[in-house]
Ligand SMILES: CC(C)(COP(=O)(O)OP(=O)(O)OC[C@H]1O[C@@H](n2cnc3c(N)ncnc32)[C@H](O)[C@@H]1OP(=O)(O)O)[C@@H](O)C(=O)NCCC(=O)NCCS
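Dropping the structure here:
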């Protein structure tokens, strides 16, 4: 009962939906809070109007609490970014978001999906592995941190049938 009440109060179960230009400011805010090189509102506005970019938002009630962005070319796509509001992480919400996003990519004729993930990003690696992605390469010292440290990237791939 308490769980039901708190769900009702927070706007019901989260929904994965296509994002629109009206979401650009909130998506930039979420991105900036999740990555040290944040994308600005203008970058999101551009992506949200490009035909080769697919953006989904995760909404709970009136609040957007996550997003996924992919770029498509022929029958391949690259997941450019996925993030969940830091207050909402660890609840398993990214899985629905990613699987729905992949379903829409499949619906657009995408057969192969690539992504890069920082080697030590355990939640993201786990998310992708559970969604069927496999490691196909490793890029040494690929990401430069603000403090000058370099971190390795893993290249992952999943084929959609
Ligand atoms: C990556 C991210 C989207 C995951 O979202 P989330 O909703 O918090 O993820 P979940 O709660 O579904 O957890 C994903 C998996 O990681 C596991 N996990 C969570 N924190 C972990 C940790 N610190 N160490 C190891 N595994 C962890 C969870 O148990 C879950 O695995 P399971 O399905 O086997 O139980 C979120 O952490 C995020 O926004 N991070 C910042 C942005 C980012 O790094 N994006 C990915 C860029 S490639």
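In this note's numbering, the protein residues as written are 8 to 168.
No residue lacks a Cβ here, since even glycine has one placed at the ideal position from N, Cα and C.
Everything numeric in this text was worked out from a predicted model, so none of it was measured.
CA nearest to the CA of residue i, picked from the options
i, options, result
"residue 146", "132, 123, 128, 130", "123"
"residue 119", "144, 154, 25, 85", "85"
"residue 18", "71, 45, 27, 41", "71"
"residue 111", "20, 83, 47, 32", "83"
"residue 116", "20, 159, 78", "78"
"residue 69", "40, 55, 33, 57", "33"
"residue 47", "28, 161, 21", "28"
"residue 153", "106, 37, 42", "42"
Extent of the continuous beta strand (DSSP E) run through residue i
i, result
"residue 88", "83 to 91"
"residue 73", "70 to 80"
"residue 122", "119 to 125"
"residue 61", "60 to 67"
Cβ-based neighbour list, residue i, same chain, cut-off 7 Å, excluding 5 preceding and 5 following
i, result
"residue 113", "167"
Closer than 7 Å: residue i CB and nearest ligand 1 heavy atom
i, result
"residue 124", "yes"
"residue 134", "yes"
"residue 97", "yes"
"residue 130", "yes"
"residue 78", "no"
"residue 35", "no"
"residue 22", "no"
"residue 87", "no"
"residue 146", "no"
C-beta contact flag for residue i and residue j at 8 Å
i, j, result
"residue 89", "residue 75", "yes"
"residue 140", "residue 165", "yes"
"residue 125", "residue 63", "no"
"residue 109", "residue 73", "no"
Residue range of the alpha helix (DSSP H) that includes residue i
i, result
"residue 152", "First-last for residue 152: undefined, no H or E at that position."
"residue 20", "Taken as a continuous stretch (DSSP letters only), residue 20 belongs to no alpha helix (DSSP H), as it is neither H nor E."
"residue 35", "31 to 41"
"residue 102", "100 to 114"
Neighbourhood of residue i by C-beta, 8 Å cutoff - its chain only, sequence neighbours within 5 removed
i, result
"residue 96", "130"
Any non-hydrogen atom of ligand 2 closer than 7 Å to residue i Cβ
i, result
"residue 164", "Among the ligands in the structure shown, ligand 2 does not appear; only ligand 1 can be found there."
Own chain residues within Cβ distance below 6 Å of residue i, not counting five before or after
i, result
"residue 134", "101"
"residue 163", "122, 135, 140, 142"
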